[in-house]
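Novice: Attaching a single structure in structure tokens format; questions to follow.
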Amino acid sequence: MDTTYQPSDIEQRLYEAWESAGYFKPSGTGSPYTIMIPPPNVTGSLHMGHGFQDTIMDVLIRYHRMKGCDTLWQPGTDHAGIATQMVVERQLLEQNTTRHELGREAFIDKIWDWKEQSGGTITKQLRRLGASPDWSRERFTMDPGLSKAVQEVFVQLFEQGLIYRGKRLVNWDPKLHTAISDLEVISEEEKGSMWHFSYPLADGSGSITVATTRPETMLGDTCVAVHPDDERYQHLVGKMILLPIANREIPIVADEYVEKDFGTGCVKITPAHDFNDYEVGKRHDMPLINILDKNACLNENTPADYQGLSREDARKKVIADLDALGLMVKIEDHTLKVPRGDRSGVVIEPWLTDQWYVDAKTLAGPAIEAVESGDIQFVPKNWENTYFAWMRDIQDWCISRQLWWGHRIPAWYDEQGNVFVGRSEEEVRAKHNLGDTPLHQDDDVLDTWFSSALWTFSTLGWPESTAELERYHPTSVLVTGFDIIFFWVARMIMMTLHFKKEVPFKTVYVHGLVRDAEGQKMSKSKGNVLDPIDLIDGIDLDTLVSKRTTGLMQPKMRAKVEKKTRKEFPEGIASYGTDALRFTYLSLASTGRDIKFDMGRIEGYRNFCNKIWNAARYVLMNTEGHDCGQTGNSVQLSVADRWILSRLEHTQEAVAKAISEYRFDLASQSLYEFIWNEYCDWYLELSKPVLWDDNSSEEQLRGTRQTLVKALETALRLAHPFMPFITEEIWQKLKALAGVEGDTIMLAAYPEFNSANVDTDAESDIEWLKSFIEGIRTIRGEMNIAPSKAIPVLVKDASSQDVARIEQYSNFLIKLAKLEAVQIADDNPPLSATALVGDMSILVPMAGLIDVNAEIARLEKDLAKLDNEITRLSGKLSNEGFVAKAPAAVIDKEREKLAIATDAKSKIDDQIQSLRQI
RNA sequence: AGGACUAUAGCUCAGUUGGUUAGAGCGCUACCUUGACAUGGUAGAGGUCCCCAGUUCGAAUCUGGGUAGUCCUACCA
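Residue 1094 in my numbering sits at position 444 of the first sequence, and the numbers go up by one each step.
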């Protein structure tokens, strides 16, 4: 074995072996444990969020698989309607053509070509992460089976009256020419203006001043509203206004919607271009005047010189025209929330169109109950509040999209515009006796989330009733980010409850979002993304810079991104390997919402891998070719052997508990501490005095060799879900020595806690041993005694147990603390430096080694600490309230602490006195 | 406007039902190429647990208020 761990040598080889051996498939036996992957965009690539999430899922799956569950991890991708269509349209643009020139069918073929070409990227990357889903069951939302499910759901919901078509205001994206749902609109504060202008009364008796942030919409005004209680305007209600420019007469109405104290207290109402105005207009029976076309340019309902203008140009012209008419009162700076499409980035226009909607309110009822009753549990629990808040005020869901890529809506229209919904044109004709009436299928497709909402059951074969559906549904847990609780989680719960009459999953584990070192969201446009694969393989600086600076939305950002990248990664990124990356993700998976990705952590865990690697090297060097007790020859375990097995047992308990609570950070920390701080730092060192002692018996040698192997082999299994590659690689080398069978650690049994294996005697003996050794090391360290220098040690005030331990463990003490010998001090010990182990003092004779003043200073520092503690403890114990009310156990503990501290203080006092007498 | 979350070492974060001398990793200081590992070892320094008040014998932990930050939902034209 190499002296440093080289992940690139082993990872891909092992992965290919696992996959081809079929280890990822469900075993078919044991209790089912199912996870459906949140489907990433089929043409996308893996980002840090995927890496994080998929690692967590893989840990859960590998853990349950090793525990004997029948695990199904279902992989797949979604078709990402808008995103994918945009990508392909951009490609067409580079070839100087458009989808309209190609036509619908040819365009869709192009997208399928693109999907074939790029669709494997993300699944290849997932493999690099060591993910172990059942690839043979990979699904895609546009697969025939899933498409059938989508169609079936649509038809049934329509027949049940839960899907309807209506002409309503929708969020219209004038760039992408499609409606989008509320959730796809991002409203952010932007600087704008508030224009005040004057509307003259039709009878010439005066005017009224309205305020608006969107002057151009005045061409579609159908009334002006004031608050019914507003004394300033009450007398005007019912009067008519002559709308300037448009030269239409519109009424003044009273409506509670108006806030008296905002703006001028008069609101122009444009029902066809504003959601609130739409409601006001409906209440007062106002007409809807649509002034925009699909590009958000002014249409034929506006004066001739406005027609065809963009909304931006129209705004300028309205302002200029009003100004010319002397109607512009004032312009104020005003910050307002501007709604933009999450994909296109352009300002969204409320626009009147025919769209399909899901009656979400009806479906939400059972979905709320499922969480209230605990049938579905969120982890951490507080996300349930977010879920409830949204669900209880849910709006109908606009599911139609004016795109070509997606599931085409199974609705047909005759020439009169009557709509027929069915599974096929034939079915529709037959059902409605349409004969050969010309029919035209709806041009629109469904929101991608509509198909994702069916994911847990459509992937298992629904609407057919399959054995898989029976066995693996409901799924066990959904692992997802809080950003898609509404988009996906809530909708999945609604749809699954409605169609399957059962929950889609029992637990929703909500993890945080991975951010960069400064806490900024990683995004391509900011140029701060990290590619998980680059962390695994490494990347040189120039390549990283060019990766981050290509495809930036704003070319100006280029220099800035480059500078920042060069500063943050002056050496590029080293290769850390998959296991280190996974361990980093897991160690960051606490309950927080933001996960700042810290390069220091991944480096630390790369080192951890190296530590494991070298520990294994040590174990193999000392066990290969020797009898490790695997054939049943008798063994004698040392106290260290018994201790490490006991510590391992505690670790198993801690890891299992942490996993059951989805605290992967705590689980990984337990593993780290056990392997590094106990197994490597102490146990391997404690094994040396046994293995390298010519006087050790065969039984003792076998005992220690067996324990070296056994503890490591068990720890590897314990760590395997977290670090699959290095554990498999070492396990393969170790399994024969450990006497275990099996082709892969993946399918080996997961270690389980057994309290019978806890050895408290061995633990307290080793604690004693450690504090003895640490006492010596502290003196060495602070007194600058070379580690190579062997020193004699005396002990004073040793109890009979101390004496027995010294006798029994002198080989450990001498070797680990580099001692000449340990002896019981007589009544007049030589001048010494001191350390305390319980009541016993360890004396390191100073002759020629130690500076008296330095030792006094050191002891005084200890003394000060003890004084502090004594003051604190005695204060506490002299407090009547404490003694009267605190539990007896707590009081006893404090008394004991005080006694120990007092005793230690007097010993150190004495020592200082004797040093001072020199 | 409502709500949620966060605030602990220079940095990134743990801290279970109130009882610890408040922990880890990275970074820092000193020493060490000892026969698994310098991607290492040993020792050490470093904290007003954001602030104020309260509950309690006892608060990093519970309550109230404040400050700062992040986010979500709704929205005033």
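Heads up, the beta-carbon is just placed ideally off N, CA and C, and yes, glycines get one too.
Kindly indicate which three-state DSSP category residue 821 falls into: helix, strand or coil?
Specialist: Walking along the first sequence from the start, residue 821 turns up at place 171. Strand.
Novice: Under 8 angstroms: do the stretch 1096 to 1108 and the stretch 1054 to 1062 share three or more Cβ pairs, one atom per stretch?
Specialist: yes
Novice: Excluding sequence positions up to five away, which residues of its chain have a Cβ less than 8 angstroms from the Cβ of residue 1501?
Specialist: The residue you call residue 1501 lines up with position 851 of the first sequence. Contacts found: 1433.
Novice: Where does the unbroken alpha helix (DSSP H) through residue 1165 begin, and where does it stop?
Specialist: In the first sequence, counting from the first residue as 1, residue 1165 sits at position 515. Segment 1163 to 1165 is the beta strand (DSSP E) holding residue 1165; no alpha helix (DSSP H) there.
Novice: What did DSSP end up calling residue 1529 once you bin it into helix, strand or coil?
Specialist: Your numbering for residue 1529 matches position 879 in the first sequence. Three-state DSSP puts residue 1529 in coil, outside helix and strand.
Novice: What do you get for residue 801, buried or exposed, if any count of 16 or more other CB atoms within 10 angstroms of its CB means buried?
Specialist: On the first sequence, residue 801 is found 151 positions in, with the first residue counted as 1. Buried is the call here.
Novice: My guess is that residue 1494 and residue 1418 are in contact by the Cβ rule of under 8 angstroms, so how many angstroms apart are they, rounded?
Specialist: Looking up residue 1494 in the first sequence gives position 844. Looking up residue 1418 in the first sequence gives position 768. Their Cβ separation, rounded to whole angstroms, is 18 angstroms, which puts residue 1494 and residue 1418 out of contact at 8 angstroms.
Novice: Which residue wins for smallest C-alpha separation from residue 937, given the options 943, 928 and 1535?
Specialist: Counting from one through the first sequence, the residue named residue 937 turns up at place 287. Nearest C-alpha to residue 937: 928.
Novice: Would you grab the beta carbon distance between residue 913 and residue 861 for me? Rounded to a whole angstrom, and I think it's under 8 angstroms.
Specialist: Counting from 1 along the first sequence, the entry for residue 913 is found at position 263. Counting from 1 along the first sequence, the entry for residue 861 is found at position 211. Contact holds; Cβ gap of about 3 angstroms.
Novice: Inspect the beta-carbon positions of residue 994 and residue 1248 and report whether they are closer than 7 angstroms.
Specialist: Residue mapping note: residue 994 aligns to position 344 of the first sequence, counting from 1. Residue mapping note: residue 1248 aligns to position 598 of the first sequence, counting from 1. The answer is no: Cβ separation not under 7 angstroms.
Novice: Exposed or buried, which one is residue 1462 when buried takes at least 16 other CB atoms within 10 Å?
Specialist: To locate residue 1462, count along the first sequence from 1; it is residue 812. It counts as buried.
Novice: Out of 1468, 1103, 957 and 1235, which one is the CA nearest neighbour of residue 1317?
Specialist: Mapped onto the first sequence, residue 1317 falls at position 667. Considering only alpha carbons, the answer is 1235.
Novice: Here's a check: name, in chain order, each residue in its chain whose Cβ is nearer than 6 angstroms to the Cβ of residue 804, leaving out the five neighbours to either side.
Specialist: Stepping through the first sequence from its first residue, residue 804 is reached at position 154. Excluding residues within five positions, the ones whose Cβ falls inside 6 angstroms are 1060.
Novice: Can residue 892 and residue 852 be called in contact, C-beta distance under 7 angstroms?
Specialist: As a first step, residue 892 must be located in the first sequence, where it is residue number 242. As a first step, residue 852 must be located in the first sequence, where it is residue number 202. Going by C-beta atoms, residue 892 is nearer than 7 angstroms to residue 852.
Novice: Got a sec? Which residues, its chain only, sit under 8 angstroms from residue 1089 by beta carbon, not counting five neighbours each side?
Specialist: Position 439 of the first sequence, counted from the first residue, corresponds to residue 1089. The residues are 1062, 1063, 1064, 1070, 1075, 1078 and 1079.
Novice: Kindly indicate which three-state DSSP category residue 944 falls into: helix, strand or coil?
Specialist: For the purposes of this step, residue 944 is taken as residue 294 along the first sequence, with counting starting at 1. It is coil, neither helix nor strand.
Novice: Leaving out five residues before and five after residue 1395 in sequence, what residues of the same chain have Cβ atoms less than 7 angstroms from its Cβ?
Specialist: Taking the first sequence and counting its residues from 1, the one referred to as residue 1395 is at position 745. The residues are 1366, 1367, 1370, 1377, 1378 and 1381.
Novice: With respect to the alpha helix (DSSP H) encompassing residue 1300, which residues constitute its N-terminal and C-terminal limits?
Specialist: In the first sequence, residue 1300 corresponds to position 650, counting from 1. Residue 1300 -> alpha helix (DSSP H) spans 1289 to 1310.
Novice: When you compare each of 1398, 826 and 1142 to residue 737 by their alpha carbons, which one comes out closest?
Specialist: Taking the first residue of the first sequence as 1, we reach residue 737 at position 87. Put simply, of 1398, 826 and 1142 the residue whose alpha carbon is nearest the alpha carbon of residue 737 is 826.
Novice: Verify whether the separation of the beta carbon atoms of residue 942 and residue 735 is less than 7 angstroms.
Specialist: Here residue 942 is taken as the residue at index 292 of the first sequence, counted from 1. Here residue 735 is taken as the residue at index 85 of the first sequence, counted from 1. Result no, Cβ atoms of residue 942 and residue 735 do not sit closer than 7 angstroms.
Novice: Taking buried to mean at least 16 other C-beta atoms within 10 Å of its own C-beta, is residue 1574 buried or exposed?
Specialist: In this structure the chain extends from 651 to 1568, so residue 1574 is not present and cannot be described.
Novice: Out of 910, 909 and 997, which one is the CA nearest neighbour of residue 946?
Specialist: Here residue 946 refers to the residue found at position 296 when the first sequence is read from its first residue. When each option's Cα is compared against that of residue 946, the closest is 997.
Novice: Which partner residues does residue 1490 have in the DSSP bridge list?
Specialist: The residue given as residue 1490 occupies position 840 in the first sequence. DSSP, once it has assigned bridges, lists 1487 as partnering residue 1490.
Novice: Report the residue from 1067, 1066 and 1082 whose alpha carbon sits nearest the alpha carbon of residue 1073.
Specialist: Taking the first residue of the first sequence as position 1, residue 1073 is located at position 423. For the residues 1067, 1066 and 1082, the minimum Cα distance to residue 1073 belongs to 1082.
Novice: Looking at C-beta atoms only, is the number of pairs between the stretch 1305 to 1324 and the stretch 1346 to 1354 that lie closer than 8 angstroms three or more?
Specialist: no
Novice: For residue 978, write down the residues that DSSP places opposite it in a beta bridge.
Specialist: Sequence index remark: in the first sequence, residue 978 carries index 328 (1-based). DSSP, once it has assigned bridges, lists 847 as partnering residue 978.
Novice: For residue 1409 and residue 1298, what's the separation of their Cα atoms in angstroms?
Specialist: On the first sequence, position 759 is the one that residue 1409 refers to. On the first sequence, position 648 is the one that residue 1298 refers to. Their Cα atoms are separated by approximately 11 angstroms.
Novice: Is it right to say residue 1540 is buried, meaning 16 or more other beta carbons lie within 10 angstroms of its own, or is it exposed?
Specialist: Here residue 1540 is taken as the residue at index 890 of the first sequence, counted from 1. Looking at its Cβ environment, which holds fewer than 16 other Cβ atoms inside 10 Å, residue 1540 is exposed.
Novice: Quick check on residue 1272: buried or exposed, where buried means 16 or more other Cβ atoms within 10 Å of its Cβ?
Specialist: Working through the first sequence from its first residue, we reach residue 1272 at position 622. Looking at its Cβ environment, which holds 16 or more other Cβ atoms inside 10 Å, residue 1272 is buried.
Novice: Indicate whether residue 1165 and residue 1276 have their beta-carbon atoms separated by less than 7 angstroms.
Specialist: Mapped onto the first sequence, residue 1165 falls at position 515. Mapped onto the first sequence, residue 1276 falls at position 626. Not closer than 7 angstroms, so no.
Novice: Does the distance from the C-beta atom of residue 1320 to that of residue 1301 stay below 7 angstroms?
Specialist: As a first step, residue 1320 is located in the first sequence; it is residue number 670 there, counting from the start. As a first step, residue 1301 is located in the first sequence; it is residue number 651 there, counting from the start. The answer is yes: Cβ separation under 7 angstroms.
Novice: Short check: CB of residue 741 to CB of residue 787, under 7 angstroms?
Specialist: Locating residue 741 in the first sequence gives position 91, counting from the first residue. Locating residue 787 in the first sequence gives position 137, counting from the first residue. Not closer than 7 angstroms, so no.
Novice: Ignoring anything shorter than 4 residues, give me the alpha helix (DSSP H) runs that lie fully in the stretch 700 to 759, in order along the chain.
Specialist: 731 to 744 and 749 to 752
Novice: According to DSSP, simplified to helix, strand and coil, what is residue 773?
Specialist: The residue you call residue 773 lines up with position 123 of the first sequence. Helix at residue 773.
Novice: At 3 residues or longer, and completely inside the stretch 1193 to 1274: list those beta strand (DSSP E) runs for me, N to C.
Specialist: 1244 to 1246
Novice: Extract the residue ranges of the beta strand (DSSP E) inside the stretch 1381 to 1463, only unbroken runs of 3 or more that lie entirely within it.
Specialist: Here the runs fully enclosed are 1441 to 1446.
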